[in-house]
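4 protein chains.
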Amino acid sequence: MNVGFVGLGAMGREMAGQLLAAGHRVQVWNRSPEPVRELVERGALAAGSLAEALGNEVVVSMLADDAAVESLLLDEALLATAGAAVHVNMATVSPALARRAAELHARHGLGYVAAPVLGRTDVAAAGNLTILAAGESSMIDRVAPLFDAMGRATRRLGDQPQLANIAKISANFMLVSAIEAFAEASALAEAGGLASEELLAILTNTILPGPVYAGYGAMIAERRYEPAGFRLALGLKDVGLALDAGAEAGVPLPFADVLRTALTESVAHGDGGLDLAALGERARRRAGLST
Amino acid sequence: MNVGFVGLGAMGREMAGQLLAAGHRVQVWNRSPEPVRELVERGALAAGSLAEALGNEVVVSMLADDAAVESLLLDEALLATAGAAVHVNMATVSPALARRAAELHARHGLGYVAAPVLGRTDVAAAGNLTILAAGESSMIDRVAPLFDAMGRATRRLGDQPQLANIAKISANFMLVSAIEAFAEASALAEAGGLASEELLAILTNTILPGPVYAGYGAMIAERRYEPAGFRLALGLKDVGLALDAGAEAGVPLPFADVLRTALTESVAHGDGGLDLAALGERARRRAGLST
Amino acid sequence: MNVGFVGLGAMGREMAGQLLAAGHRVQVWNRSPEPVRELVERGALAAGSLAEALGNEVVVSMLADDAAVESLLLDEALLATAGAAVHVNMATVSPALARRAAELHARHGLGYVAAPVLGRTDVAAAGNLTILAAGESSMIDRVAPLFDAMGRATRRLGDQPQLANIAKISANFMLVSAIEAFAEASALAEAGGLASEELLAILTNTILPGPVYAGYGAMIAERRYEPAGFRLALGLKDVGLALDAGAEAGVPLPFADVLRTALTESVAHGDGGLDLAALGERARRRAGLST
Amino acid sequence: MNVGFVGLGAMGREMAGQLLAAGHRVQVWNRSPEPVRELVERGALAAGSLAEALGNEVVVSMLADDAAVESLLLDEALLATAGAAVHVNMATVSPALARRAAELHARHGLGYVAAPVLGRTDVAAAGNLTILAAGESSMIDRVAPLFDAMGRATRRLGDQPQLANIAKISANFMLVSAIEAFAEASALAEAGGLASEELLAILTNTILPGPVYAGYGAMIAERRYEPAGFRLALGLKDVGLALDAGAEAGVPLPFADVLRTALTESVAHGDGGLDLAALGERARRRAGLST
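Protein chains in written order, with our numbering: chain A, 328 to 618; chain B, 328 to 618; chain C, 328 to 618; chain D, 328 to 618.
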């Protein structure tokens, strides 16, 4: 398939690489040139402009946030001349943006599929992402081969694109909640003389198995916050998306409120570039355990 | 082994039953007579008094809370005449109580082992509990055959009994946090048009597998809060234990604060006898989804 | 002075009326025509277009929120042709908007003064507002006669316009916090058998005198939430401004988080059009007291 | 009147002094001898034992907390031999304790009046306390001359002693909430470049006048946390009383939850002996402003 790929950040790079590996023709565009060169070495074509990238049959985008999508891709003039049939937006953006984008694309005769992903860069590099896809069924069918190249499973969530974004936002909220819960429990354990590792072993061997508790939990127990698999500042952005979605839909989210306070505090302490696990350090700090 | 067993609530009954099944001689005592009759039918002996139960080589107790342990078993006069060598307290009580109890028992020449358990009544009935044990090593060795009869795994957490209570309280705090997180996420999903079941399937198949999310999550998704595997009012008690332990140790627990507010609200709405999953109903109510 | 006045909502109407009463020449513009007619009857001139209103020596605006200011007044083309020397923005908007607006106005050779106000419509109708003014000193001097007509006191907060917005947002956050605190205390009192009025009388006669506790407190005690002096939905908007400002500056605001949860819940229950005092009803509802 | 006075802490000392100044015969008792000597110099008699102090017509107690009252004064043997007709408990204790105490006293033919006070030590030294009194009307009449000596106003809250404790606890919760709100607003202002003093001047001159905002606010603005007029650790105790009362009555208190988290954090940082205003330092710390 001829694919235009927009946004070659840490995730986008790996995903485009998987498309190339699966034999698709991928024309890439990125704001800064460095990642473009890297992908060209792996077999991609460089688009001379964003408009050129949008001339492909399918456009896949993996941009940083709502603002980036808005300023780069939701441009009336650009969409009016786009040759693409379908735009697949795989970034973590707001349901509100998804609604606006779908409407705007429809007005210009373009399809819009929301397809955010679960999995970090290492998972993306292995082609093992879980893809949460929503949009018109026929369009999802059409881009399914791309999903198969990038992920190990695609979950279809219905006709309305924003449903995929709601799922993704909810999942990330659950993830950060799990980390915060262990951060607090870990501080409680340490203050009482029980090693955090011991508590973690109990939990992961009984009621709370799985990669989130085991992975972030170990980082918290070891006070190891680098390298950042999931940057704390990004977690704050995602919790903000949940709170905005809650505000829009009239759903109070008291845990998300606590998370925002906690993450804001961590960023204020200069921990924004560390892993989300650094929530553990903030819990220790508040308990006077960090000196 | 000759065992005195004090406290035949829903959990105690099953645990005493497992001891009998393993061939131990069990003399039971309970405030109300009904469960005693039931256990006697299964082969137990009835103790004529609490003091008589404490005449056995080992005493196992499974009482409701700190107050029950305090009023029944931390009586100087009673302990002065107790013939038992070791008291194994398997209830979910505070670390503060464990410290007081250990000290008091030591003064009377008795051993004290804290051994709270992970698992609900069905797990207890199958002898599959996880036992968190702390206390003097030689005493834990001595009662290990009892643990083997009641559980499938014993984790030893050190010499100081309260460490086991800290672990248990932390685990329950993590459990209730996981339920609240899904309760909120579920309300967010429903309000946005995404079925709660769909969100749950995504989570349990990816980042958050395991029995807690799958079990309580399904109850929340189906709005099914009975029968209560874990009564909501008990969850409030356990969160209170975490907050008290945090207050004692100087550890702020903002998630636990949210949980207490949420659970108190649920109890005020008459949901105290329902399963912890009824936290989902409160999230729906706050979002105006329950009418 | 020749004044263009943009935005004739409940507050703007009264403020423009005070300018007329003080003898200024006021040309008004509003999106809907009804309030324009009303002001013309009181002596104002109707502007044929927004651009015409901006042809006056000074423009005063009192719009609903950031979005309204952004879409109506921060238009490059409009500002390029504006004849006004100074734009006085008296609405409650974000510090971020104030910064952007000041920069944009400066680029077009226009002055920008931020001058949000303390006081509700009755206070505005009596010309008794407190005006929080920030911007270049010479410009504030120039519009001081207008402030004298609308308010009984002007507090000058420095050269940077956004400082006035920070002050206003902080004040409203304090206001809503005071209401929530009494809402909770009132529910606690009632549940324990102490009349809310009694508690209120104690507080206002001792540690917490003043119009906020007396006024909103009485509404909460009497469960009287209409007419809305300060609409609950507006309170949610203002708390959102505080949280956004906090997020931007790295300041965690846990009370504001609680307020957002509480207000969102109230809006979800259909109380958005009631007075802020309806926070009291939500506290009662959560405590099971409202049936 | 012949008065036994039990508990000569910072408050009790001043209150007993006022009784002496008004001409009453006061026999004092205190756990440590130093304050007894001081009061004797001012004209008091020293009680040889607690039982002797309870031989007076009226006993006034001003002890630290529930535990002190429980262990010293709710002793069956002691009450059985007490000659006093009425016990006036002026400490800040829980409604639950008040109920138990009233019942116990009644059983021994003694009256029990709850009469907690509003005002700090300087107010007590001037005889200007506000006294919140509840209990049987005839008993309050009887001790009214004592109240007149210690306070400038007595508010009668009904027959049930615990009502006075509910009022006192609610008032202190409101007080700490006001301080926390300003602590957060102050951090927001400072981070945005607006001096905390400026914000405070605006508030106290407009919507939030009164001693609480002016007094604690100035301490926060000046980062002056000593001498402690109201020790932070005591504030944590009082918020705990509110939360316990809420838990008992089924009233969620989300602001009190935030306060407990904040105060616990402050105590963990070694600020327990500072004034409540040190909540401002914690807000600064969380925002990264304190380094």
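Backbone N, C-alpha and C define an ideal beta-carbon position, used for all residues, glycine too.
- Not a single C-beta of chain B is nearer than 8 Å to the C-beta of Gly615 (chain D).
- About 14 Å separates the CB atoms of Pro579 (chain B) and Ala516 (chain A); that is not less than 8 Å, and the two are not in contact.
- For Phe509 (chain C), the chain D residues whose Cβ falls inside 8 Å of its Cβ are Met501, in order along the chain.
- Considering only C:Leu530, C:Ala576 and C:Ala512, the residue with the shortest C-alpha distance to Gly520 (chain D) is C:Ala576.
- Contact between the segment 559-574 of chain C and the segment 490-501 of chain B is absent: fewer than 3 CB-CB pairs across the two stretches fall below 8 Å.
- For the segment 565-592 of chain B, the residues whose beta carbon sits under 8 Å from a beta carbon of chain D are, in order, Gly567, Leu570, Gly573, Ala574, Gly577, Val578, Pro579, Leu580, Pro581, Asp584, Val585, Arg587, Thr588, Ala589, Thr591 and Glu592.
- Taking 8 Å as the upper bound on Cβ-Cβ separation, chain A lies near no residue of the segment 386-415 of chain C.
- In the same chain as Thr481 (chain C), and ignoring 5 residues on each side of it, the C-beta atoms closer than 6 Å to its own belong to Ile458, Ala460 and Phe474, in chain order.
- With respect to chain D, the C-beta atom of Ser504 (chain C) has a partner C-beta closer than 8 Å.
- The beta carbon of Ser497 (chain D) lies closer than 8 Å to those of Ala569 in the same chain, with the five residues before and after it left out.
- Interface residue (Cβ-Cβ distance to chain A less than 8 Å): Val420 (chain C) is not classified as such.
- Around the beta carbon of Thr591 (chain A), a 10 Å sphere encloses 16 or more other beta carbons of the protein chains shown; the residue is thus reported as buried.
- Under the Cβ criterion of 8 Å, Pro536 (chain D) is counted among the residues facing chain C.
- Residue A:Ala522 holds the alpha-carbon nearest to the alpha-carbon of Ile547 (chain A) among A:Gly537, A:Leu563 and A:Ala522.
- With a contact defined as Cβ atoms closer than 8 Å, Gly382 (chain A) and Ala411 (chain A) qualify at about 7 Å.
- A distance below 6 Å between beta-carbons, with the five flanking residues on each side excluded, links Pro422 (chain A) to the following residues of its chain, in chain order: Gln489, Asn492, Ile493 and Ala572.
- By DSSP's assignment, Val413 (chain D) forms a beta bridge with D:Val385 and D:Gly438.
- At a cut-off of 8 Å, the C-beta of Ala595 (chain B) has a neighbouring C-beta in chain D.
- C:Leu530 is the residue among C:Leu484, C:Leu530, C:Gln487 and C:Asp486 whose C-alpha sits nearest the C-alpha of Ile506 (chain C).
- Judged by DSSP secondary structure, Gln489 (chain A) falls within the alpha helix (DSSP H) whose first and last residues are Gln489 to Gly519.
- Residue pairing by DSSP places Asn329 (chain A) opposite A:Arg352 in a beta bridge.
- Between the alpha carbons of Ala508 (chain A) and Ala583 (chain D) lies a distance of about 20 Å.
- Taking 3 residues as the shortest admissible run, the segment 442-475 of chain D contains the following complete beta strand (DSSP E) segments, listed from N- to C-terminal end: 456-460.
- A straight-line Cα-Cα distance of about 40 Å links Val387 (chain A) and Arg609 (chain B).
- Per DSSP, Thr408 (chain A) is one residue of the alpha helix (DSSP H) stretching across Glu403 to Thr408.
- Around the Cβ of Gly436 (chain B), a 10 Å sphere holds fewer than 16 other Cβ atoms; the residue is exposed.
- If you keep only unbroken alpha helix (DSSP H) runs of at least 4 residues inside the segment 514-562 of chain A, you get 523-532 and 538-549.
- Separation of the CB atoms of Val367 (chain C) and Phe332 (chain C) is rounded to 12 Å, and the pair is thereby denied contact status at 8 Å.
- Per DSSP, Gly485 (chain A) lies in no beta strand (DSSP E) and is assigned neither H nor E.
- Taking the C-beta atoms as reference points, Glu341 (chain B) is found nearer than 8 Å to Ala452 (chain B).
- For Gly562 (chain A), the closest Cβ of chain B is not nearer than 8 Å.
- Close partners of Gln487 (chain A) in chain B (Cβ separation under 8 Å): Gly520.
- Listed in chain order, the beta strand (DSSP E) runs fully inside the segment 559-594 of chain B amount to none, counting runs of at least 3 residues.
- For Ala555 (chain B) and Phe557 (chain D), the gap between their C-alpha atoms comes out near 45 Å.
- With contacts defined as CB atoms closer than 8 Å, Ile534 (chain D) and Leu502 (chain C) qualify as a contacting pair.
- Look at the beta carbons and you see the segment 397-413 of chain D not touching the segment 343-352 of chain D: under three pairs across the two are nearer than 8 Å.
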